[in-house]
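A.B. asks: After the structure tokens below, expect a handful of questions from me.
Residue numbers (UniProt numbering): 1 to 138.
Shown next as structure tokens:
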């Protein structure tokens with residue numbers, strides 16, 4: 001987009017829009033705005049491949065690259081009890097029950113990735129998730 005509007009007109013336009021909608025409107029025009037990441041076309045970046053077994057999804061490679069730049073390493077894998085507690089408290093604000101922990105622990109031993117996926121899906125579908133995050137907007 002090329003807006004060849006002089007700055008005094010832009011200022012009057014912004015004030016007019018702000019007055020009409022009862023608030024401050026921030027308008028940016030020109031090359032600086034066009035270079036902002038939000039106005040760039042969506043692209044699929046190439047995945048930085050590293051010879052390490054830690055990444056389990058494509059985004060992990062980007063995390064690993066940043067960790068390497070910062071001379072850090074990934075944390076060790078949490079045990080099943082820590083995983084269910086972290087997920088439950090983060091998503092619902094509530095700790096899991098003893099029965100939930102034991103069921104998760106047994107299922108995790110059989111298939112860790114599937115068990116984590118099912119846990120997160122269950123927590124996201126729970127009313128407690130909506131109640132916890134709905135408070136931010138109420």
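Glycine included, every Cβ here is placed at the ideal spot set by N, Cα and C.
#1: Looking only at its chain, what residues have a beta carbon closer than 7 Å to the beta carbon of residue 15, apart from the 5 residues adjacent to it on each side?
#2: According to DSSP, simplified to helix, strand and coil, what is residue 123?
#3: Can you give the Cα-Cα distance for residue 112 and residue 70, rounded to whole angstroms?
#4: So does the segment 50–67 actually touch the segment 88–100, counting three or more Cβ pairs closer than 8 Å?
#5: How would you call residue 84, buried or exposed, if buried means at least 16 neighbouring beta carbons within 10 angstroms?
#6: Between residue 39 and residue 94, what straight-line distance do the alpha-carbon atoms span, to the nearest angstrom?
#7: Got a sec, what are the start and stop residues for the alpha helix (DSSP H) residue 70 sits in?
#8: For the alpha helix (DSSP H) holding residue 104, just list the boundary residues, first then last.
C.D. replies: Quick look at the numbers:
#1: Counting only Cβ-Cβ distances below 7 Å, and skipping sequence neighbours, we find nothing.
#2: Of the three classes helix, strand and coil, the one that applies to residue 123 here is helix, per DSSP.
#3: Using only the alpha carbons, I get a separation of about 29 Å.
#4: No, the segment 50–67 does not touch the segment 88–100.
#5: In this structure residue 84 is buried. Its beta-carbon is surrounded by 16 or more other beta-carbon atoms within 10 angstroms.
#6: For residue 39 and residue 94, the distance between alpha carbons rounds to 39 Å.
#7: Note, residue 70: premise wrong, no alpha helix (DSSP H); not H, not E.
#8: Here the alpha helix (DSSP H) through residue 104 covers 98–110.
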